[in-house]
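All remarks here apply to the structure that follows.
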Amino acid sequence: MDAVSRSQNTDSPTVTVAAVVAAALGLASAALSAYWAAGGTALLNTIGGAIAEWGRHGGPGVRFALWLIVLLKVGVGVAAPAIADLPRISPAWTRTRVPRLLSWIAASILIAYGAVLTGSELIAFTGMLGTPPSVDRLALAWHAFVWDPWFLLWGVAFLVCLVRTRPSAVASTRP
5 MDAVSRSQNT DSPTVTVAAV VAAALGLASA ALSAYWAAGG TALLNTIGGA
55 IAEWGRHGGP GVRFALWLIV LLKVGVGVAA PAIADLPRIS PAWTRTRVPR
105 LLSWIAASIL IAYGAVLTGS ELIAFTGMLG TPPSVDRLAL AWHAFVWDPW
155 FLLWGVAFLV CLVRTRPSAV ASTRP
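Below, the structure written as structure tokens:
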């Protein structure tokens with residue numbers, strides 16, 4: 005990618021906003037996971053089920069898995085700004101084919117995960133299909149209105165960044 009396409013590509017306010025939103029959502033999610041990996045328990049009751057119990061009483065294996073999740077979230081969190089070359093210090097390889105492909109995969113997974121879970125949890129939350137009384141309503145509400153839409157928004161922001169920085173989009177904006 006030459007300097008002209010690179011600057012046209014990343015100077016767009018849409019790209020900047022999308023990259024910053026994707027990074028903020030990803031890094032905030034990583035920070036929460038790091039807090040839980042370090043033994044914090046606040047908001048674990050909003051996760052519900054076995055995962056919350058693992059967070060409260062998990063041993064070294066659970067902590068290790070959580071730290072791997074933190075690393076993954078940090079990597080995906082910084083990918084959008086790297087793809088968009090913000091703040092103009094990203095190495096050139098971050099905008100090559102393999103990182104872009106991995107970024108498309110990550111954005112797609114975030115969107116699919118967020119959309120499917122948010123949709124199904126909203127349906128369950130409304131009781132349209134008959135929610136069992138044993139369901140943890142607090143955890144269901146947090147997943148339907150906070151946790152899973154968070155992944156969906158993160159994925160959409162990342163996708164916007166990827167679409168607006170793809171080579172064909174850049175070529176079509178040249179004079």
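For the sequence shown, position 113 (counting from the first letter as 1) is numbered 117 according to the working numbering, and the numbering increases by one without interruption. Ideal placement from N, C-alpha and C gives every residue a C-beta, glycine not left out. These numbers were taken from a predicted model, which means no experiment stands behind them.
- For Trp-151, there is no enclosing alpha helix (DSSP H), as DSSP marks it with neither H nor E.
- Here Arg-60 has Thr-45 and Leu-48 as same chain residues with Cβ atoms under 8 angstroms from its own Cβ, once five neighbours each way along the sequence are excluded.
- For Leu-157 against Leu-29, the beta-carbon gap comes to about 6 angstroms, under 8 angstroms, which counts as contact.
- Excluding sequence positions up to five before and after Ala-86, its CB lies within less than 6 angstroms of the CB of Ser-94 and Thr-98, all in the same chain and listed in chain order.
- If you draw a straight line from the Cα of Gly-81 to the Cα of Leu-133, it comes to about 35 angstroms.
- Residue environment analysis places Phe-68 among the exposed positions, since fewer than 16 neighbouring C-beta atoms fall within 10 angstroms of its C-beta.
- Per DSSP, Gly-59 is one residue of the alpha helix (DSSP H) stretching across 53 to 61.
- Rounded to whole angstroms, the gap between the alpha carbons of Ala-84 and Val-150 is 22 angstroms.
- Counting other Cβ atoms within 10 Å of its Cβ, Gly-118 reaches 16 or more and is therefore classed as buried.
- Residues Ala-83, Ala-86, Ile-87 and Trp-97 of the same chain have their beta carbon placed closer than 8 angstroms to that of Pro-103, with the five preceding and five following residues left out of the count.
- With respect to Lys-77, Ser-107 sits apart: the two C-beta atoms are not nearer than 8 angstroms.
- C-alpha of Ile-51 to C-alpha of Ala-110: approximately 22 angstroms in a straight line.
- Per DSSP, reduced to three states, the secondary structure at Leu-47 is coil, with no helix or strand assignment.
- Around the C-beta of Gly-159, 16 or more other C-beta atoms lie within 10 Å, and the residue is accordingly described as buried.
- Exclusion of the five residues before and after Ala-148 leaves Thr-122, Glu-125, Leu-126 and Phe-129 as the residues of its chain whose Cβ lies within less than 7 angstroms of its Cβ.
- The beta carbon of Leu-31 is closer than 6 angstroms to those of Gly-81 in its chain, skipping five residues each way along the sequence.
- Ranking Arg-101, Arg-141, Leu-90 and Gly-63 by CA distance to the CA of Val-24 puts Leu-90 first.
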